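**Student:**
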Amino acid sequence: MSIRTYGCVLEESKREKLSIAKALADEYRPSVPWRNITMNEQERRTAGIAEALRNRPCHPDWGDLPRSIEFRIPAGLIREDFFVGQIPTQLPPKGDLLVLLGDMHV
């Protein structure tokens, strides 16, 4: 299925980086709007989870990769509720809605 068939793309994505989904949606704009549904810092503070997310426990990813794998914590459920709450506000007038989240939220 092509991204052109979607009425809107919602994505949990780092605000400072261009994601592949955002780049594809930009290519087909305005027919495929893209929205970032990640909580910003102020929204995290208001929800009382900013500190917990900054100090989330993690362990190194395998190999020599400069990444780590974060553990699920209760603050993640609050973030997921936020993602879900964004969906009804972004329903496209036509076409399907594509929601992209990290694998920890599946």
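Count the sequence shown with my numbering and you get residues 38 to 143, in order.
We treat Cβ as the ideally placed atom computed from N, Cα and C, and that holds for glycine.
In this text, all values refer to a predicted model and were calculated from it rather than measured experimentally.
1. Between which two residues does the alpha helix (DSSP H) harbouring V121 extend?
2. At the level of alpha carbons, what is the spacing between L128 and L137?
3. Strictly under 7 Å for the Cβ-Cβ distance: is R66 near chain D by that measure?
4. Are at least three pairs of beta-carbons, each pair with one atom in the region 55 to 73 and one in the region 83 to 95, less than 8 Å apart?
5. Skipping 5 residues on each side, what residues in its chain have a beta carbon closer than 8 Å to that of Q123?
**Tutor:** Looking at the coordinates:
1. Mapped onto the sequence shown, residue 121 falls at position 84. Run containing V121: P111 to Q123, per the alpha helix (DSSP H) assignment.
2. For this step, residue 128 is matched to residue 91 along the sequence shown. For this step, residue 137 is matched to residue 100 along the sequence shown. The straight-line gap from Cα to Cα measures roughly 14 Å.
3. The structure shown has no chain D; it contains just one protein chain.
4. no
5. Position 86 of the sequence shown, counted from the first residue, corresponds to residue 123. Only L47, R72 and I74 meet the Cβ criterion.
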